[in-house]
Amino acid sequence: VKIGLNVHFVNAAMNQIRHFLLNLVDSNYSDREQRRILREATEKMLDMNLDVMSTSYREEEMKKVFVSRKVESFLIKATERFTYGLNLALVLALAGVSLSVVALFVWDIAHIFRGDMEKGILSALGELLILWMMIELMDNEIKNLKGGRFNILVFIGVIIVAMIREILISTLRHDDLTTQAFLAGTLLILGIVYYLVSLAQKEHQKV
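Under our numbering, think of the first position of the sequence shown as 38, with each following residue one higher.
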């Protein structure tokens, strides 16, 4: 405890010692009853020592408090509830923005029937991409509220979708080739990042 050795290494070392001593008993005592008694005695002694060491680690951890354990516990719970409330507010805000995007999509569809076909279609596609982003973000936040893990892939995907929308708008504005090439290159880099992160997550899940 004093030298800061991780408790995991202590448990691992104790397991190695346990296997060594039990194998030693098995190899040196042929009588089954005597071997059973010695094995039980060895197990009890090792368990007692491990319990003493574990208690020492727990006592050392209990000393690491800033004000008091009750105050720290209260602050942690209050912060967790506040964070949960912020996530809930974020979900509601995303739902509100999604409704606005649906309204914009309907407005862009109206442009198509008014004769502005190119602008209406590209704008409608852009609004659909934004709506998809909102759905993905809401789904991720709902999973987070239910105790799920933070998924960085969702946010990379959202950036990719935003970049695709920017390319559509750039095409509609008839920007120069340099700007469009820059946007296309950025989209390619984001796609590579998305692939690498996805690959890393799959490897982590296998482990």
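We treat Cβ as the ideally placed atom computed from N, Cα and C, and that holds for glycine.
In the structure shown, residue 183 falls within a coil segment according to DSSP collapsed to helix, strand and coil. Secondary structure note for residue 202: its alpha helix (DSSP H) is the uninterrupted segment 189-210. The Cβ atoms of residue 182 and residue 231 lie no closer than 8 Å to each other. Taking C-beta atoms as the reference points, residue 205 and residue 159 count as a pair closer than 8 Å.
The region 189-197 makes no contact with the region 132-150: fewer than 3 CB pairs, one atom from each, lie closer than 8 Å.
By the neighbour-count criterion, in which a residue is buried when 16 or more other Cβ atoms sit within 10 angstroms of its Cβ, residue 118 is exposed. Close CB contacts of residue 209 within its chain, under the 7 Å cut and outside five residues either way in sequence, are with 156 and 159 (chain order).
An exposed status is given to residue 113, since fewer than 16 other beta-carbon atoms sit within 10 Å of its beta-carbon. One alpha carbon belongs to residue 54, the other to residue 70, and they sit about 22 Å apart. About 49 Å separates the beta carbon of residue 90 from that of residue 131, a gap too long to meet the 8 Å contact definition. The three-state secondary structure of residue 152, taken from DSSP, is coil.
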